[in-house]
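K.L.:
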Ligand code: NCD
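Numbering (this note's numbering), first residue to last: 1330 to 1645.
1) Do you know offhand how far residue 1539's Cα is from residue 1361's?
2) Could you tell me the distance, in whole angstroms, from the CA atom of residue 1597 to the CA atom of residue 1498?
3) Thinking C-alpha only, which one of 1527, 1392 and 1355 is nearest residue 1369?
4) Got a sec? Which residues, its chain only, sit under 6 Å from residue 1545 by beta carbon, not counting five neighbours each side?
5) For the alpha helix (DSSP H) that residue 1381 lies in, which residues bound it at each end?
6) Return the CA-CA distance between residue 1344 and residue 1631, expressed in angstroms with no decimal places.
7) I'd like to know if residue 1541 contacts chain D, where contact means its C-beta is closer than 8 Å to some C-beta of that chain.
8) Any residues whose CB sits closer than 6 Å to a heavy atom of the ligand NCD? List them in chain order?
9) DSSP three-state call for residue 1595: helix, strand or coil?
10) Alpha helix (DSSP H) containing residue 1615: first to last residue?
11) Report the partner residues of residue 1453 according to the DSSP bridge assignment.
12) Which same chain residues end up closer than 6 Å to residue 1488 when comparing Cβ atoms and leaving out the 5 residues on each side of it in sequence?
13) Can you grab the Cα-Cα spacing for the pair residue 1571 / residue 1578, in whole Å?
14) Spatial neighbours of residue 1446 within its chain, please: C-beta separation below 7 Å, excluding the five flanking residues on both sides.
15) Determine whether the beta carbon atoms of residue 1619 and residue 1607 lie at a separation below 8 Å.
16) For the beta strand (DSSP E) that residue 1536 lies in, which residues bound it at each end?
17) Assuming contact is defined by CB atoms lying nearer than 8 Å, are residue 1351 and residue 1628 in contact in what I supplied?
18) By the three-class DSSP mapping on this structure, what secondary structure does residue 1585 have?
19) For residue 1553 versus residue 1494, is the C-beta distance shorter than 8 Å?
20) Please report the distance separating the alpha-carbon of residue 1587 from that of residue 1422.
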């Protein structure tokens, strides 16, 4: 695999390959010194044109654990626009000998554009509302491993997963719907009509506008962040009302099955979509998602950069 730009491009076979590699990387991460020489001498550059805490740090941690050299190019969204300046930036940095770019940008499709300008591998860390494939992979890995399943094309079969909230502005929802359904899960989107994207009728999902009706019947409750920075129209009357209908509060949490997992990609809006303290819920795997993110991103870097398995020291 040369790039990781979308779940669709990766395909079921690619998802299963990354999940298997992630299991090996998780073993590396349990060692006292969680570092292997797999990508020694290769340079991984993070190009983040949008704010990020966990994704950027997670990728950099992953690259360092594989012994790659890392560079960060942080740009405020306002100072650099798409077009020539981005092209110049990428060509300049590429000329220094870069193996992979990890890119986040507010414009959908930027990873495809970048791959025309450089020979380096491109990993999409979020493009606009479009895709966030490593989030979908780490979420899939979290569900699979927490439920004691092993990587396969049907490893999420029989599971009902609710994705709740601001689906319209969410690249996480788009990527996760593709990954979860590709592996056999049944997905229900729970949102007010105004926060569903145009064309959602063609997605392979069910749709509901009542969290109360759905919550008792799911294996996984995936809460999305209310993307206030992306809402220039008033799509919900006010956040208090949104929270009352679609937030996870203490009353709703009691409706969850004992075994249901509760997930969130972060950053969480406490008091909006997450009213209850998730740490009090038995099925809370939110910090596990973050921890798994490092193993999964190690797997992705290793896969796109063609690392040699012998260098991980893990039996495959
Ligand atoms: C997500 C993102 O930026 O797309 N966060 C993340 O990567 N952990 C989700 C979000 O911002 O709502």
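A virtual CB, placed ideally from N, CA and C, is assigned to each residue, including glycine.
P.N.:
A quick look at the data gives this:
1) Looking at the two C-alpha atoms, the distance is approximately 47 Å.
2) Each residue's Cα considered, the two are about 15 Å apart.
3) Here the closest residue by C-alpha is 1392.
4) Excluding sequence neighbours, residue 1545 sits near 1584.
5) For residue 1381, no alpha helix (DSSP H) encloses it, and the DSSP letter there is neither H nor E.
6) Cα-Cα distance, rounded: 14 Å.
7) Any reference to chain D falls outside this structure, which holds one protein chain only.
8) The filter returns 1383, 1384, 1455, 1461, 1464, 1500, 1501, 1554, 1556, 1594 and 1595, in chain order.
9) Coil.
10) Note, residue 1615: alpha helix (DSSP H), 1615-1633.
11) Its beta-bridge partners are 1432.
12) Around residue 1488: 1514 and 1548.
13) Between residue 1571 and residue 1578, the C-alpha separation is close to 12 Å.
14) For residue 1446, where only same-chain residues beyond five positions count, the Cβ hits under 7 Å are 1416, 1419 and 1420.
15) Remark: C-beta atoms of residue 1619 and residue 1607 do not approach each other more closely than 8 Å.
16) Boundaries of the beta strand (DSSP E) around residue 1536: 1535-1537.
17) Cβ atoms of residue 1351 and residue 1628: closer than 8 Å.
18) Judged by DSSP in its simplified three-state form, residue 1585 adopts coil rather than helix or strand.
19) In contact: residue 1553 and residue 1494 (Cβ atoms closer than 8 Å).
20) About 50 Å.
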